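Asks: What follows is a structure written as structure tokens; I'll ask about it next.
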Amino acid sequence: MLSPLPDEATLKQRVLALLARIPPGRVMTYGQLALLAGHPGAARQVGYVMNGLMNGTELPWQRVINAQGAVSTDKLGFGDVQRGLLVAEGVVFGASGKCDLKARQWWPDEAAPEQQSLF
DNA sequence: ATGGTGACTGTAC
DNA sequence: CGTACAGCCACCA
């Protein structure tokens, strides 16, 4: 069973492990990753982890978006790139810059239904 | 040590 | 719809 309060290194490890499993065309949110990694509420730290893997990674970093269904990278200068990668996978973004999170959000099979409703 | 910042989020108005 | 605020916690000056 997973420890409810893993240390920072484990959080990063779990976040990256989950990230690597997101199927093409599907997304996860920062808060969701924090929850599944055992750090509920630590969405900002997940964002920090993401920031750290921007140095030439093979991980599908573009599949992590915010809880509103939009990318959070516009102010970083590559929001268009992220949306472009997702669009190439079949994700549709409306004029508001949001996608259908309810339909696109991916949950690991082992995530308990109660976890999903909590989120 | 202390305070500001940020790829966030839920609640309140 | 948008703005504001409070939690969140690693990092950095």
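Position 66, counted from 1, in the first sequence is what this note's numbering calls 67; the numbers after and before it change by one each time, with no gaps.
Backbone N, C-alpha and C fix where the C-beta goes; we use that ideal spot for every residue, glycine too.
Please read all numbers here as calculations on a predicted model, not as lab measurements.
Are Arg45 and Arg105 close, meaning C-beta to C-beta below 8 Å?
Replies: Taking 8 Å as the Cβ cut-off, Arg45 and Arg105 do not qualify as a contacting pair.
Asks: Rounded to whole angstroms, what's the CA-CA distance from Val92 to Cys100? Just pull it up for me.
Replies: Those two C-alpha atoms are separated by around 7 Å.
Asks: On the DSSP letters alone, give me the boundaries of the alpha helix (DSSP H) that Glu90 sits inside.
Replies: Glu90 -> no alpha helix (DSSP H), and no H or E assigned at all.
Asks: In whole angstroms, give me the CA-to-CA distance for Ala10 and Leu17.
Replies: Spanning the two alpha carbons is a distance of roughly 11 Å.
Asks: Below 7 Å, is the gap between the Cβ of Gln106 and the nearest heavy atom of the ligand NAP?
Replies: With respect to small molecules bound, the structure shown includes none, and the ligand NAP cannot be examined in it.
Asks: Only counting the same chain, and skipping five residues up and downstream in sequence, which positions put a Cβ closer than 6 Å to that of Leu119?
Replies: Unreliable positioning characterises Leu119 in this predicted model, as indicated by a pLDDT of 48, which lies under 50. The coordinate reading is nonetheless provided below. The answer is none, since no qualifying residue turns up.
Asks: Is the beta carbon of Val65 less than 8 Å from the beta carbon of Met51?
Replies: Yes, these two residues count as a Cβ contact at 8 Å.
Asks: Given a threshold of 16 other Cβ atoms within 10 Å of its Cβ, counted over all protein chains shown, does Val88 qualify as buried or as exposed?
Replies: Val88 is exposed by the Cβ-count criterion.
Asks: Using DSSP with H/G/I as helix, E/B as strand and the rest coil, what is Ala71?
Replies: Correct three-state label for Ala71: strand.
Asks: Is the distance from the Cβ of Gly48 to the Cβ of Arg15 below 8 Å?
Replies: No, they are not a contact pair.
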